[in-house]
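**Student:**
Quick look at the structure:
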């Protein structure tokens, strides 16, 4: 379970309402991993292409940045 706890859209520094979603952790090219951000979650966060989120991945605290890809918005560079 990856829970997008907060983030900022183009209005940097503004906290957003918590969002919960389940996503599949997928292998990235050249190492790393990403999770596709569901469209409904992206919409509730105000859209945009780049913002930061914090949350949990299997009960482990993580931070991530979003990145627009050709096929979807993703959470990238998952880190503690």
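In this note's numbering, the protein residues as written are 141 to 220. Backbone N, C-alpha and C define an ideal beta-carbon position, used for all residues, glycine too.
Less than 8 Å between the beta carbons of residue 203 and residue 194, yes or no?
**Tutor:** Contact flag set, yes.
**Student:** Assuming residue 165 and residue 206 are in contact, meaning their beta carbons sit under 8 Å apart, how far apart are those beta carbons, in whole angstroms?
**Tutor:** Contact flag wrong, Cβ pair sits at about 15 Å.
**Student:** Starting from residue 234, follow the beta strand (DSSP E) in both directions and report where the run begins and ends.
**Tutor:** Any answer about residue 234 is impossible in this case: the structure gives the chain only from 141 up to 220.
**Student:** So for residue 132, helix, strand or coil by DSSP?
**Tutor:** The structure shown does not extend to residue 132, since the chain spans only 141 to 220, so no value can be given for it.
**Student:** Taking 6 Å as the limit between beta carbons, can you name the residues of its chain near residue 142, skipping five residues before and five after?
**Tutor:** Confidence in residue 142 is poor, its pLDDT being 42 and thus under 50, which makes the residue's placement unreliable; the coordinate value appears in the next sentence. Cβ neighbours of residue 142 beyond the five flanking positions: 163, 175, 195 and 197.
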